[in-house]
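Down below is the structure, laid out as C-alpha cells.
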Amino acid sequence: MSDVASGGADINRIILESSCDALGLALLVCGRDDTILFASPSILQFFPVPARLLTPGTRLRDFLGAVYDTGVRPGTLPENSRRRANREDWIAEHMALHWRERYESVERAGRTRWVSLRKRRLSSGIGILSVIDVSEQKKRDEQLQTDLERVELTEEILDAQPNPICIKDRNLNYIAVNKAFCTIHELSQDAILGRSAWDLVDAELAERFEQSDRSVLETGKPHSEAEHIVRADGNDLWVVTRKYRIGMPGRHFVVTCMNDVTDIAAWYHGTGDNTGSSGLQILDYSIFAPAQNFYDPFRALNVQQLVEAGSMIETLPARGLRVLLATGDRDAEQRLVARLRGSGLDACAVRNGNELEAFALAADRSGVKLDILVLDGAFPDVERVLAGWHASPVLKVSTDIDAGNLLAEIFRVCAERPQPRSSVPQADWGISFEGDVATGTHAPDIEVLVAEDNQINQFVFAQILEGLGVSHRIAANGREALELWHELQPALVLMDISMPVMNGFDAAVAIRDAEKGTGRRTPIIAVTAQALDIDLRQCEASGMDDHIMKPVSPDMIEAVLRKYMPAGNMRAAG
Numbered sequence: 001m002s003d004v005a006s007g008g009a010d011i012n013r014i015i016l017e018s019s020c021d022a023l024g025l026a027l028l029v030c031g032r033d034d035t036i037l038f039a040s041p042s043i044l045q046f047f048p049v050p051a052r053l054l055t056p057g058t059r060l061r062d063f064l065g066a067v068y069d070t071g072v073r074p075g076t077l078p079e080n081s082r083r084r085a086n087r088e089d090w091i092a093e094h095m096a097l098h099w100r101e102r103y104e105s106v107e108r109a110g111r112t113r114w115v116s117l118r119k120r121r122l123s124s125g126i127g128i129l130s131v132i133d134v135s136e137q138k139k140r141d142e143q144l145q146t147d148l149e150r151v152e153l154t155e156e157i158l159d160a161q162p163n164p165i166c167i168k169d170r171n172l173n174y175i176a177v178n179k180a181f182c183t184i185h186e187l188s189q190d191a192i193l194g195r196s197a198w199d200l201v202d203a204e205l206a207e208r209f210e211q212s213d214r215s216v217l218e219t220g221k222p223h224s225e226a227e228h229i230v231r232a233d234g235n236d237l238w239v240v241t242r243k244y245r246i247g248m249p250g251r252h253f254v255v256t257c258m259n260d261v262t263d264i265a266a267w268y269h270g271t272g273d274n275t276g277s278s279g280l281q282i283l284d285y286s287i288f289a290p291a292q293n294f295y296d297p298f299r300a301l302n303v304q305q306l307v308e309a310g311s312m313i314e315t316l317p318a319r320g321l322r323v324l325l326a327t328g329d330r331d332a333e334q335r336l337v338a339r340l341r342g343s344g345l346d347a348c349a350v351r352n353g354n355e356l357e358a359f360a361l362a363a364d365r366s367g368v369k370l371d372i373l374v375l376d377g378a379f380p381d382v383e384r385v386l387a388g389w390h391a392s393p394v395l396k397v398s399t400d401i402d403a404g405n406l407l408a409e410i411f412r413v414c415a416e417r418p419q420p421r422s423s424v425p426q427a428d429w430g431i432s433f434e435g436d437v438a439t440g441t442h443a444p445d446i447e448v449l450v451a452e453d454n455q456i457n458q459f460v461f462a463q464i465l466e467g468l469g470v471s472h473r474i475a476a477n478g479r480e481a482l483e484l485w486h487e488l489q490p491a492l493v494l495m496d497i498s499m500p501v502m503n504g505f506d507a508a509v510a511i512r513d514a515e516k517g518t519g520r521r522t523p524i525i526a527v528t529a530q531a532l533d534i535d536l537r538q539c540e541a542s543g544m545d546d547h548i549m550k551p552v553s554p555d556m557i558e559a560v561l562r563k564y565m566p567a568g569n570m571r572a573a574g
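Following the UniProt record's numbering, the numbering of the sequence shown begins with 1 at its first residue and continues without gaps.
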C-alpha cells in the first residue's frame, strides 16, 4: 500500500509542477502545522533560497527566514527608506498572512521586480501560496497611467488656450477640439468629434477648408491665411489660421490653430487709393511694445559671399581695418573694442584729448595709417577734434550704438573714402604713450606665422616668441593666415585647427596647393586643444608636419623651432 501511495504522490507532484510551468507561476503548499507539503521548483526563480528548504517537512518559518536573508522578498522597500522591518517582525507578519482565509497583493521583490501573491487557507487547514511575476504588466500599467496623465494634461492645456484649435485625421474628421473651437460653433465636443467640416459649415466653406487640409496632409507644407469668421452667436471673429501636419507616414494628422487678432486688426476690402490693398491689416501699430531683437544685420552678413559677388566690401582691405575709438566711457570702450576685434578689425581706444594727440603723433612717426577714427559724440572738445583731425575719416557716433550697426557704418565710410594702407606690419602698430617713439623702420623678415583666433592665446604666443627672440606675425583666422603666408613667406607656421572664416585644415591645404611646383615646403605645425586620432589623421591629410597641444609653453615652442627651423634662421634669445 505504501508503494501505491508513493506512486500517487509522485503523480500528483508531477501534475502540480507541470501545471506551474504551463501557467508560469510558482506554488507553495503548507500543512496545518506550518510545514511545507509541496513547493514547485519555480519558487527558486522568485526567491533564491537553498533548494533543501523546499523539501516537504521544512518549517514555513525557516523558509521565510531564508527569503528575508536573500534581500529579495515581497514588500522590499527602496534602499533609501527609513522604515525597515527587522527579521523577526517580517517573519511574524508573513506567518500571520499565511493564516488568513484569503489574501492578494502585488508587491515589490527587489529593485525592479514586482510579484503577484495570492494566498488561500482551505477549510482543511492547508495553505496555498501562488506567485506570478507581473513586472511587465506593472510597467505597462504605469506607462498607461503616465500616458493618461499626459493626455489629460494636454487636454487641459489645449482647453486653456484662448485660440480655437482642432485636429483632423486622414479622412478629415475631427478627432480633437478645444473649448475655444467648440465655443465658436456653440456645440459640445461630443457633437463635433467624428464629424467633418461638411457637417458644421455650408458646402462652399467646407470645400475650401478641405482643399487646404488636403494640401497640408499630402505635401506637409504649412498653410496660413487671414480669415473672417462669423460665430454661431453672430459676432465677428478675425483670425490668422495656420495649418500644419504632424504624425508618422501613413498616420498623419492636420492641426489647425486660429490665432484670434480681433482686438488689434480689421478687414479691409480696399483703401480707395487704387493700391489694391486688401486683407487683414493692423489698426494701431503703437500697441506693440518693443521686444527682443533676435536679428543682427551684421552677424547675418556673409562677408565672403559679398566679396565674391563683387560688392562694395571687396574695395576694403583684405585684412582687418585699423580703427581707433575715442571715448571716455570705459564700458562702451570694452564692449565696442571687443566686438570690433572679434569681427577681424584691428581696434584700440583712447580716453581723452591728450591720448588722442599722442596717438596721432606716434602713429605719424611710425608710418602707421588709420583707416577710421570712431569718435564718441560726448568726447571732450569733440568739435575741435572734428575740425583738426585729418589722419583718417571720422565717424561720429553715440556710445549706445549697437555694435553690429557700428561695423556696418565703419565699412560704409571706409568704402566711400578708401585710404591707402601702410606697409608697416599690422603686429607692429601697438603704440605706447610712456616714452618716446622710435622712427619706424622696414619690417624684418618674419620667421614664424601664428594662426590663432583666441586673443589670450595670441598674447601667450607673442610673449613666448618675443622671449625667444623670434620675429612673428599673428593671424586671427585661416584666410588671414593664408594671405600673410603669401605675403611674408615665413619659415614656420603654427596653425590652430579651429578658427572662424577658414579653419586650420583648409588653410594648410591651400598653402600646400600654392607650394606645388615651387620646390618649397613650409613646415606647418597644428595647434590643437585635443589630440584625438581623427584630428591627427586630418592634420596629416591636410599636409601638416606635426602637432602640439594647448596650453603651449616656451619649452614646447622652442623644441618645435629647433626641429623645423634651420639653425641659421634662429636668433639667440635675449
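Even for Gly, the Cβ is constructed at its ideal location relative to N, Cα and C.
{"Query": "How is Ile36 classed by DSSP in three states: helix, strand or coil?", "Result": "strand"}
{"Query": "For Ala176, which residues from the same chain have a beta carbon less than 6 Å from its beta carbon, with the 5 sequence-adjacent residues on both sides left out?", "Result": "Ile167"}
{"Query": "Please list the terminal residues of the continuous beta strand (DSSP E) segment that includes Asn259.", "Result": "251-260"}
{"Query": "With a threshold of 6 Å on Cβ separation, who are the neighbours of Arg118 within its own chain once the five nearest residues in sequence on each side are excluded?", "Result": "Glu104, Ser130"}
{"Query": "State buried or exposed for Ile410, treating a residue as buried only when at least 16 other CB atoms are found within 10 Å of its CB.", "Result": "buried"}
{"Query": "So, helix, strand or coil for Ile229, using DSSP?", "Result": "strand"}
{"Query": "Could you check where the beta strand (DSSP E) with Asp376 kicks off and where it finishes?", "Result": "372-376"}
{"Query": "Should Ser366 be labelled buried (16 or more other beta-carbon atoms within 10 Å of its own) or exposed?", "Result": "buried"}
{"Query": "What do you reckon, are the CB atoms on Ile446 and Pro490 nearer than 8 Å?", "Result": "yes"}
{"Query": "Would you report the Cα separation of Leu375 and Glu480, rounded to the nearest angstrom?", "Result": "28 Å"}
{"Query": "Between Ile15 and Asp141, what straight-line distance do the alpha-carbon atoms span, to the nearest angstrom?", "Result": "33 Å"}
{"Query": "Taking DSSP's pairing of strands, which residues face Ser212 in a bridge?", "Result": "For Ser212, which the question treats as bridged, DSSP gives no partner whatsoever."}
{"Query": "Using 10 angstroms around the beta-carbon of Val337, count the other beta-carbons present and answer buried if the total reaches 16, otherwise exposed.", "Result": "buried"}
{"Query": "Where does the unbroken alpha helix (DSSP H) through Arg140 begin, and where does it stop?", "Result": "135-160"}
{"Query": "Report, in whole angstroms, the separation of the C-beta atoms of Val448 and Leu465, which I expect to be a contact under 8 Å.", "Result": "6 Å"}
{"Query": "Roughly how many whole angstroms lie between the Cα atoms of Leu356 and Ala391?", "Result": "11 Å"}
{"Query": "Is it true that the CB of Phe253 sits closer than 8 Å to the CB of Ile246?", "Result": "yes"}
{"Query": "Check whether the Cβ of Phe47 sits closer than 7 Å to any heavy atom of the ligand SAH, and report yes or no.", "Result": "Ligands displayed in this structure: none; no statement on the ligand SAH is therefore possible."}
{"Query": "Please determine, among Arg339, Ala332, Asp364, the residue with the shortest C-alpha to C-alpha distance to Arg351.", "Result": "Ala332"}
{"Query": "Just the Cα atoms here: how many angstroms apart are Leu60 and Pro249?", "Result": "58 Å"}
{"Query": "Between which two residues does the alpha helix (DSSP H) carrying Ile43 extend?", "Result": "43-46"}
{"Query": "Taking 8 Å as the threshold (C-beta atoms), are Leu44 and Ile36 in contact?", "Result": "no"}
{"Query": "Using a threshold of 8 Å, state whether the C-beta atoms of Thr70 and Pro41 are closer than that.", "Result": "no"}
{"Query": "Excluding the 5 residues flanking Asp453 on each side, which residues of the same chain have their C-beta closer than 7 Å to its C-beta?", "Result": "Ala476, Asn477, Asp496, Met499, Pro500"}
{"Query": "What's the call for Pro164, buried or exposed, on a 16-neighbour Cβ count within 10 Å?", "Result": "buried"}
{"Query": "Evaluate Asn503 with the Cβ neighbour count: other Cβ atoms within 10 Å of its Cβ, from every protein chain shown; 16 or more gives buried, anything less gives exposed.", "Result": "buried"}
{"Query": "For the alpha helix (DSSP H) containing Ala26, list its first residue and its last residue.", "Result": "Run containing Ala26: none in the alpha helix (DSSP H); it sits in the beta strand (DSSP E), 26-30."}
{"Query": "What are the boundary residues of the beta strand (DSSP E) that includes Val239?", "Result": "236-248"}
{"Query": "From Ala541 to Asp506, what does the alpha carbon distance come to, in whole angstroms?", "Result": "11 Å"}
{"Query": "Using C-beta distances below 8 Å, list every residue in its chain close to Arg52, excluding the 5 sequence neighbours before and after it, in chain order.", "Result": "Thr58"}
{"Query": "Can you give me the C-alpha to C-alpha distance between Phe181 and Lys138, rounded to a whole angstrom?", "Result": "38 Å"}
{"Query": "Kindly indicate which three-state DSSP category Ile401 falls into: helix, strand or coil?", "Result": "coil"}
{"Query": "Restricting to Cα atoms, I'd like to know which of Pro162, Val240, Phe38, Leu148 is closest to Ile126.", "Result": "Phe38"}
{"Query": "Report the option in Leu64, Tyr174, Phe46 whose CA atom is closest to the CA atom of Leu97.", "Result": "Leu64"}
{"Query": "Per DSSP, Thr528 forms a beta bridge with which residues?", "Result": "Met549"}
{"Query": "Would you call Asn12 buried or exposed, if buried means 16 or more other Cβ atoms sit within 10 Å of its Cβ?", "Result": "exposed"}
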